[in-house]
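Okay, structure first, notes after.
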Amino acid sequence: MRVFVTGASGWIGSAVVPELLAAGHDVVGLARSGESADKLRIAGADVVRGDVDHPEVLAKAADESDGVVHLAFQHEVAFGGDFASAAAADRRAVEAMGDALRGSDRPIVVAGGMVGLTNGRPATEDDGLLPSQELRANPAGLRAATALLTLSLRGVAVRSSVLRLPPTVHGDGDHGFMATLVGIARERGVAGFVGDGTNRWPAVHRSDAARLARLALESAPAGTVLHAVGDEGVAFGKIAESIGRHLRLDTKSIAPDVAVDHFFPLGRFVALDSPTTATATRELLGWEPTGPGLIEDLDQGHYFEMARP
Numbered sequence: 001m002r003v004f005v006t007g008a009s010g011w012i013g014s015a016v017v018p019e020l021l022a023a024g025h026d027v028v029g030l031a032r033s034g035e036s037a038d039k040l041r042i043a044g045a046d047v048v049r050g051d052v053d054h055p056e057v058l059a060k061a062a063d064e065s066d067g068v069v070h071l072a073f074q075h076e077v078a079f080g081g082d083f084a085s086a087a088a089a090d091r092r093a094v095e096a097m098g099d100a101l102r103g104s105d106r107p108i109v110v111a112g113g114m115v116g117l118t119n120g121r122p123a124t125e126d127d128g129l130l131p132s133q134e135l136r137a138n139p140a141g142l143r144a145a146t147a148l149l150t151l152s153l154r155g156v157a158v159r160s161s162v163l164r165l166p167p168t169v170h171g172d173g174d175h176g177f178m179a180t181l182v183g184i185a186r187e188r189g190v191a192g193f194v195g196d197g198t199n200r201w202p203a204v205h206r207s208d209a210a211r212l213a214r215l216a217l218e219s220a221p222a223g224t225v226l227h228a229v230g231d232e233g234v235a236f237g238k239i240a241e242s243i244g245r246h247l248r249l250d251t252k253s254i255a256p257d258v259a260v261d262h263f264f265p266l267g268r269f270v271a272l273d274s275p276t277t278a279t280a281t282r283e284l285l286g287w288e289p290t291g292p293g294l295i296e297d298l299d300q301g302h303y304f305e306m307a308r309p
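Residues in the sequence shown are numbered consecutively from 1, following this note's numbering.
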């Protein structure tokens, strides 16, 4: 299968590309820069230059491929305070690629989020399929609308699936949520958590997320929601304890009314309680996470080596 991958040189994409190649697929990766293009070529992929702000480029690449894995998202824009613009660009990208695949029964796997699907109870793949008050109340709701659009493509003969990813897809080399939290702890001189620290985050190791993306491309039925979840819910207080232990810092409860400032740019997310299951995903695709859990990964120490000046 010739697979077009957006976000191919990013944190998750750079694991998905070799996963696809090892399974015998040909990969065409979207690259914004010459550096990204060089990385993809070295990995063994072909390259299309462009980004998610060029839907005509995405549409052409999708039309010339046997399937699409859409991982690109303007995270720097979103966490810079303009989530709406990043979500709008993502929606235009999915619209363009979905239209190119219309009537072909070819697959498209679109990455989405899982934070805020429910309020405190474990979320399943069946949650978030209708706009809810919980989703409208947080920025993730904007991206969730694009996930619903993706699922609707099954009505025009596209084998669409949504790969929901947890707030931390962790591993050696991660510069995302976990690395940012470590950096915040170093800067503030304390490993913080909000309230009593019992709110939970789902997590998955990058290698497991990459494998699930491949399985989704190869065999997920049209209109499928998949959860890339290794840890169903790690208490944020436990995360803070691990960070504090490795950096030799005290842990401290941060009052909710100052959490946004303390944890910037993650302040809108750190207090969310979003345990999430992947039971249906595992049963459907035979996917079982094999990578280390989040706390085990933190205890390997690589996050703290990266965080040192």
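We put the beta carbon where it would ideally sit given N, CA and C, even for glycine.
ask   = Is Val69 near Ala213, with beta carbons less than 7 angstroms apart?
value = For the purposes of this step, residue 69 is taken as residue 69 along the sequence shown, with counting starting at 1. For the purposes of this step, residue 213 is taken as residue 213 along the sequence shown, with counting starting at 1. Cβ distance < 7 angstroms, so Val69 and Ala213 count as in contact.
message = Going residue by residue through the segment 146-193, where are the continuous beta strand (DSSP E) segments of at least 3 residues, counting only ones entirely within it?
response = 159-165, 168-170
inquiry  = Which residue wins for smallest C-alpha separation from Val3, given the options Leu101, Ser36, Gln74?
reply    = Counted from its first residue, the sequence shown places residue 3 at position 3. If we check each option's Cα against that of Val3, Leu101 comes out closest.
message = Please list the terminal residues of the continuous alpha helix (DSSP H) segment that includes Leu215.
response = Residue 215 sits at position 215 when you count from the first residue of the sequence shown. Note, Leu215: alpha helix (DSSP H), 206-219.
query = Using the rule of at least 16 other Cβ atoms within 10 Å of the residue's Cβ for burial, across every protein chain shown, is Pro310 buried or exposed?
reply = What is shown of the chain runs 1 to 309, which leaves residue 310 out entirely.
message = Since Pro166 and Thr277 should fall inside the 8 angstroms C-beta cutoff, what is the C-beta to C-beta distance between them, to a whole number of angstroms?
response = Stepping through the sequence shown from its first residue, residue 166 is reached at position 166. Stepping through the sequence shown from its first residue, residue 277 is reached at position 277. Not confirmed; about 12 angstroms, so no contact.
Beta-carbon proximity list for His302, same chain, < 7 angstroms, skipping 5 on both sides = The residue given as residue 302 occupies position 302 in the sequence shown. For His302, where only same-chain residues beyond five positions count, the Cβ hits under 7 angstroms are Asp172.
ask   = Of the choices Lys39, Met114, Ile42, Phe177, whose alpha-carbon is the least far from that of Leu142?
value = Taking the first residue of the sequence shown as position 1, residue 142 is located at position 142. With distances taken between Cα atoms, Leu142 lies closest to Met114.
request  = Kindly list the residues whose CB is nearer than 8 angstroms to the CB of Lys316, restricted to its own chain and excluding five residues on each side of it in sequence; keep chain order.
outcome  = No statement about residue 316 is possible, as the shown extent of the chain runs from 1 to 309 and does not include it.
query = Taking the beta strand (DSSP E) that Asp231 falls in, what are its first and last residues?
reply = By one-based count along the sequence shown, residue 231 stands at place 231. Segment 231-235, the beta strand (DSSP E) holding Asp231.
message = Tell me the rounded alpha-carbon separation between Ala87 and Val94.
response = Your numbering for residue 87 matches position 87 in the sequence shown. Your numbering for residue 94 matches position 94 in the sequence shown. About 11 angstroms.
ask   = Which value, in whole angstroms, describes the spacing of the CA atoms of Pro18 and Gly120?
value = Counting from 1 along the sequence shown, the entry for residue 18 is found at position 18. Counting from 1 along the sequence shown, the entry for residue 120 is found at position 120. Answer to the nearest angstrom: the Cα atoms are 36 angstroms apart.
ask   = Distance, Cα to Cα, Ala216 vs Val270?
value = Taking the first residue of the sequence shown as position 1, residue 216 is located at position 216. Taking the first residue of the sequence shown as position 1, residue 270 is located at position 270. If I take the Cα positions, the gap works out to 29 angstroms.
key: Nearest to Asp99 (by Cα), restricted to the options Leu71, His75, Val156, Thr224   = Counting from 1 along the sequence shown, the entry for residue 99 is found at position 99. Out of Leu71, His75, Val156, Thr224, Val156 has the C-alpha closest to the C-alpha of Asp99.
ask   = What whole-angstrom Cβ distance do His262 and Ile254 have, given they're in contact under 8 angstroms?
value = Position 262 of the sequence shown holds residue 262. Position 254 of the sequence shown holds residue 254. That belief holds up - the Cβ atoms of His262 and Ile254 are roughly 5 angstroms apart, short of 8 angstroms.
message = Rounding to the nearest angstrom, what Cα-Cα distance links Gly189 and His54 in this structure?
response = Sequence index remark: in the sequence shown, residue 189 carries index 189 (1-based). Sequence index remark: in the sequence shown, residue 54 carries index 54 (1-based). Their Cα atoms are separated by approximately 42 angstroms.
Other residues of its chain near Leu153: CB distance less than 6 angstroms, five sequence neighbours each side excluded = Residue mapping note: residue 153 aligns to position 153 of the sequence shown, counting from 1. Here the set comprises Gly98, Ser160.
query = Whole-angstrom Cβ separation of Pro202 and Gly233, contact assumed at under 8 angstroms?
reply = Locating residue 202 in the sequence shown gives position 202, counting from the first residue. Locating residue 233 in the sequence shown gives position 233, counting from the first residue. Contact holds; Cβ gap of about 6 angstroms.
ask   = Going by alpha carbons, who is nearest to Ala228 out of Val194, Glu283, Ala185, Asp63?
value = As a working mapping, residue 228 is identified with position 228 in the sequence shown. Ranking Val194, Glu283, Ala185, Asp63 by Cα distance to Ala228 puts Glu283 first.
ask   = Does the separation of the CB atoms of Arg91 and Thr150 fall below 7 angstroms?
value = Stepping through the sequence shown from its first residue, residue 91 is reached at position 91. Stepping through the sequence shown from its first residue, residue 150 is reached at position 150. Taking C-beta atoms as the reference points, Arg91 and Thr150 fail to come closer than 7 angstroms.
query = Count the other CB atoms within 10 Å of the CB of Thr290; is the residue buried (16 or more) or exposed (fewer)?
reply = Counting from one through the sequence shown, the residue named residue 290 turns up at place 290. Of the other Cβ atoms in all chains shown, fewer than 16 fall within 10 Å of the Cβ of Thr290; this residue is therefore exposed.
message = I'd like to check one pair, Gly29 with Val5: are the Cβ atoms closer than 7 angstroms?
response = In the sequence shown, the residue the question calls residue 5 occupies position 5. In the sequence shown, the residue the question calls residue 29 occupies position 29. Result yes, Cβ atoms of Val5 and Gly29 sit closer than 7 angstroms.
query = In chain order, what residues of the same chain have a beta carbon less than 6 angstroms from the beta carbon of Ala111, not counting five sequence neighbours either side?
reply = As a first step, residue 111 is located in the sequence shown; it is residue number 111 there, counting from the start. Result list for Ala111: Leu71, Leu163, Leu165, in chain order.
ask   = Excluding five sequence neighbours on each side, which residues of the same chain lie with their C-beta closer than 8 angstroms to the C-beta of Val169?
value = Your numbering for residue 169 matches position 169 in the sequence shown. Taken in chain order, the residues that qualify are Trp11, Ile12, Gly176, Ala203, Val204, His205, Arg206, Ala209, Ala228.
key: Sequence-distant residues of the same chain with beta carbon closer than 6 angstroms to Gly67, five excluded per side   = Here the question's residue 67 lines up with position 67 in the sequence shown. These residues qualify, in order along the chain: Met1, Val3, Arg106, Pro107, Leu217.
query = Do you know whose CA, among Val225, Leu298, Thr180, lies nearest Gly128's CA?
reply = For the purposes of this step, residue 128 is identified with residue 128 of the sequence shown, where counting begins at 1. Across the set Val225, Leu298, Thr180, the C-alpha of Val225 shows the shortest separation from the C-alpha of Gly128.
task = Report the rounded CA-to-CA distance for Leu21 versus Gly286, giving the unit in angstroms.
result = Here residue 21 refers to the residue found at position 21 when the sequence shown is read from its first residue. Here residue 286 refers to the residue found at position 286 when the sequence shown is read from its first residue. Answer to the nearest angstrom: the Cα atoms are 20 angstroms apart.
Assigned exposure category for Ala8 - 16 Cβ within 10 Å defines buried = Taking the first residue of the sequence shown as position 1, residue 8 is located at position 8. The residue in question, Ala8, is buried, as its Cβ has 16 or more Cβ neighbours within 10 Å.
inquiry  = Which residue wins for smallest C-alpha separation from Ala144, given the options Asp51, Gly116, Thr180?
reply    = Sequence index remark: in the sequence shown, residue 144 carries index 144 (1-based). Answer by Cα proximity: Gly116.
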